[in-house]
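The block underneath contains the structure these notes are about, expressed in structure tokens.
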Amino acid sequence: MSFLSHLECSRCARQFDAGQWLNLCPHCDSPLLARYDLEAVRRILQREDMAGRPTNLWRYAELLPVRDPACRLTLGEGWTPLLPATRLGAALGLSHLYIKEEGLNPTTSFKARGMAVAVSRACELGAAGFVLPSAGNAGGALAAYAARAGRPAHIYLPAETPVPFVRECEGLGATVTTVRGHIGDAGRSARQEAERSGSFDLSTLREPYRVEGKKTMAFELVEQLNGVPDVIVYPTGGGTGIIGMWKGFAELEAVGWIGPERPRMVTVQAEGCAPIVRAFCEGSERARPWENPETVALGLRVPSAIGDFLILRALRESEGTAVAVGEPAIRAAWGRLGSTEGILTCPETAAALAGLEDLVRDGWIRPEERVVLFDTASGYKYMDIR
Ligand SMILES: *Cc1c(COP(=O)(O)O)cnc(C)c1O
Numbered sequence: 089m090s091f092l093s094h095l096e097c098s099r100c101a102r103q104f105d106a107g108q109w110l111n112l113c114p115h116c117d118s119p120l121l122a123r124y125d126l127e128a129v130r131r132i133l134q135r136e137d138m139a140g141r142p143t144n145l146w147r148y149a150e151l152l153p154v155r156d157p158a159c160r161l162t163l164g165e166g167w168t169p170l171l172p173a174t175r176l177g178a179a180l181g182l183s184h185l186y187i188k189e190e191g192l193n194p195t196t197s198f199k200a201r202g203m204a205v206a207v208s209r210a211c212e213l214g215a216a217g218f219v220l221p222s223a224g225n226a227g228g229a230l231a232a233y234a235a236r237a238g239r240p241a242h243i244y245l246p247a248e249t250p251v252p253f254v255r256e257c258e259g260l261g262a263t264v265t266t267v268r269g270h271i272g273d274a275g276r277s278a279r280q281e282a283e284r285s286g287s288f289d290l291s292t293l294r295e296p297y298r299v300e301g302k303k304t305m306a307f308e309l310v311e312q313l314n315g316v317p318d319v320i321v322y323p324t325g326g327g328t329g330i331i332g333m334w335k336g337f338a339e340l341e342a343v344g345w346i347g348p349e350r351p352r353m354v355t356v357q358a359e360g361c362a363p364i365v366r367a368f369c370e371g372s373e374r375a376r377p378w379e380n381p382e383t384v385a386l387g388l389r390v391p392s393a394i395g396d397f398l399i400l401r402a403l404r405e406s407e408g409t410a411v412a413v414g415e416p417a418i419r420a421a422w423g424r425l426g427s428t429e430g431i432l433t434c435p436e437t438a439a440a441l442a443g444l445e446d447l448v449r450d451g452w453i454r455p456e457e458r459v460v461l462f463d464t465a466s467g468y469k470y471m472d473i474r
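With positions in the sequence shown counted from 1, the corresponding number in the numbering used here is that position plus 88.
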């Protein structure tokens, strides 16, 4: 059973009935977050109860927003392996490096988590169809879960999106429109379509439920490590992963699974599109939009994130940091993960690895710390990229 209680604005803190589909806060246009009766969950859910639960993200049903079990769509998302990276760790001088292998999710990226939950909840609230702007992976994930739900999906991709991402969406039954420009431009087209057709808009952080799927990454880490790691390194675009995990750790403390300890959260971006890194270094609360975003790591080509202040808050509250890496460093790191650990990864994860290497070199990460590097997607859709 779900203990969802209401929606709350992340900026003005106004509360809303969760039984209606809302995109942004009707008062201040900021992201909405799902809230739960955590006191009640604390009384009924112990960590030991998890043994024997489904090995997908619905094992956390109490802390997810879908009330009717019949509405919970699954393709086997979540509960991904946490792989000790002994050889890569030794090369970096880290004794406890782990890789959270999100490439094993349906449609081969962690985007499946958010879409499994958001599409399920939207259908529960009566969605007839969906629209989405995407750099690629979110589009494939939406196409899969919309098909699973028997609802149409219309996906807006930047024109230079590599062919495998387009074919994937089409093969999963979605309608694809390519748009000149970056994901922000695709977003404007998608929103027009949502207004015209009445389809539900699932754009990053413009609805409250994708973050709910992403927070299960934090839940899994706590189960798999029997506690929190010291450092989480995450390639950051729109920020749902960082924001979701940060929310997830707070919920786990409220239900008594962990204490006040937290990992230091690290955002890695590409030098060609690093609005969060720039804002972090400047000490700003919001991030200015990045002009002419360019990087091979397409999921990081997000010039302006509506949840920027939530990402920055998580980085600062956790005593984390934000680093940018250049394109040559991304290309070099790509092969290192493949050849040392047998994981063919995406350029986004390669960027995260390059950032991790910089932080170890600078002494910001100490050799014996427990470090989790997120592999956000597999590399198999990126084979044409040079
Ligand atoms: C979307 C995406 C990211 C960025 O994720 P956010 O959580 O939205 O910041 C990173 N890596 C890959 C492979 C992605 O598809």
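Glycine included, each C-beta is placed from N, C-alpha and C at the ideal position.
For residue i, report the span of its alpha helix (DSSP H) as first-last.
{"i": "Pro252", "result": "251-259"}
{"i": "Thr162", "result": "Taken as a continuous stretch (DSSP letters only), Thr162 belongs to no alpha helix (DSSP H), as it is neither H nor E."}
{"i": "Thr328", "result": "328-342"}
{"i": "Thr437", "result": "435-449"}
{"i": "Val365", "result": "363-370"}
{"i": "Tyr233", "result": "225-237"}
{"i": "Ile399", "result": "396-405"}
Could you pull the start and end residues of the beta strand (DSSP E) that residue i belongs to?
{"i": "Phe218", "result": "218-221"}
{"i": "Leu95", "result": "92-97"}
{"i": "Leu171", "result": "170-172"}
{"i": "Arg352", "result": "352-358"}
{"i": "Leu120", "result": "120-124"}
{"i": "Thr409", "result": "409-413"}
Beta-carbon separation of residue i and residue j under 7 Å?
{"i": "Asn144", "j": "Glu165", "result": "yes"}
{"i": "Ala421", "j": "Leu441", "result": "yes"}
{"i": "Ala385", "j": "Pro435", "result": "yes"}
{"i": "Val264", "j": "Ser277", "result": "no"}
{"i": "Tyr124", "j": "Ser98", "result": "no"}
{"i": "Ala237", "j": "Met203", "result": "no"}
{"i": "Arg294", "j": "Leu112", "result": "yes"}
{"i": "Thr383", "j": "Thr355", "result": "no"}
{"i": "Ala465", "j": "Gly191", "result": "yes"}
{"i": "Ala262", "j": "Ala247", "result": "no"}
{"i": "Tyr148", "j": "Thr304", "result": "yes"}
{"i": "Leu425", "j": "Thr433", "result": "yes"}
{"i": "Ala282", "j": "Val219", "result": "yes"}
{"i": "Tyr297", "j": "Ala231", "result": "no"}
{"i": "Arg34", "j": "Gly259", "result": "What the structure shows of the chain is the stretch from 89 to 474, and residue 34 is not part of that stretch, so it cannot be assessed."}
{"i": "Phe288", "j": "Ala215", "result": "yes"}
{"i": "Pro351", "j": "Pro317", "result": "yes"}
{"i": "Leu176", "j": "Thr428", "result": "yes"}
{"i": "Asn225", "j": "Ser208", "result": "no"}
{"i": "Gly387", "j": "Ile331", "result": "no"}
{"i": "Cys361", "j": "Arg389", "result": "yes"}
{"i": "Ile187", "j": "Leu461", "result": "yes"}
{"i": "Val154", "j": "Glu96", "result": "no"}
Does any residue of chain E have a CB that is nearer than 7 Å to the CB of residue i?
{"i": "Cys361", "result": "The question asks about chain E, but that chain is absent: this structure has only one protein chain."}
Quick one: what's residue i bridged to in DSSP?
{"i": "Arg458", "result": "His184"}
{"i": "Pro323", "result": "Val356"}
{"i": "Asp463", "result": "Glu189"}
{"i": "Phe104", "result": "Leu95"}
{"i": "Ser197", "result": "Ala465"}
Please identify the residue among the options whose C-alpha is closest to the C-alpha of residue i.
{"i": "Ala439", "options": "Gly344, Val411, His184", "result": "Val411"}
{"i": "Pro157", "options": "Ser90, Glu248, Gly430, Val343", "result": "Ser90"}
{"i": "Gly408", "options": "Leu185, Gly430, Trp452", "result": "Trp452"}
{"i": "Glu189", "options": "Glu339, Asp472, Val321", "result": "Val321"}
{"i": "Leu121", "options": "Gly301, Gly140, Pro391", "result": "Gly301"}
{"i": "Glu373", "options": "Val365, Asn380, Glu379", "result": "Val365"}
{"i": "Cys100", "options": "Pro119, Ser197, Trp109, Ser222", "result": "Pro119"}
{"i": "Leu171", "options": "His184, Ser197, Arg419", "result": "His184"}
{"i": "Met353", "options": "Cys369, Val459, Asp450", "result": "Val459"}
{"i": "Glu136", "options": "Leu151, Glu311, Val448", "result": "Glu311"}
{"i": "Pro169", "options": "Asp463, Gly467, Lys469, Ile473", "result": "Asp463"}
{"i": "Ser222", "options": "Thr249, Trp345, Arg141", "result": "Thr249"}
{"i": "Leu245", "options": "Arg201, Ala235, Ser291", "result": "Ser291"}
{"i": "His270", "options": "Ile418, Thr174, Glu379", "result": "Glu379"}
{"i": "Ala178", "options": "Glu457, Val251, Ala234, Lys469", "result": "Glu457"}
{"i": "Gln108", "options": "Ala210, Ala234, Trp345", "result": "Ala210"}
{"i": "Tyr233", "options": "Pro194, Val251, Leu340", "result": "Pro194"}
{"i": "Thr162", "options": "Trp146, Leu151, Leu152", "result": "Trp146"}
{"i": "Ile431", "options": "His115, Ala173, Gln134, Pro142", "result": "Ala173"}
{"i": "Gln134", "options": "Glu341, Lys335, Pro114", "result": "Glu341"}
Original post:
What runs of the beta strand (DSSP E), each 3 residues or longer, lie entirely inside the region 242-318?
Top reply: 263-267
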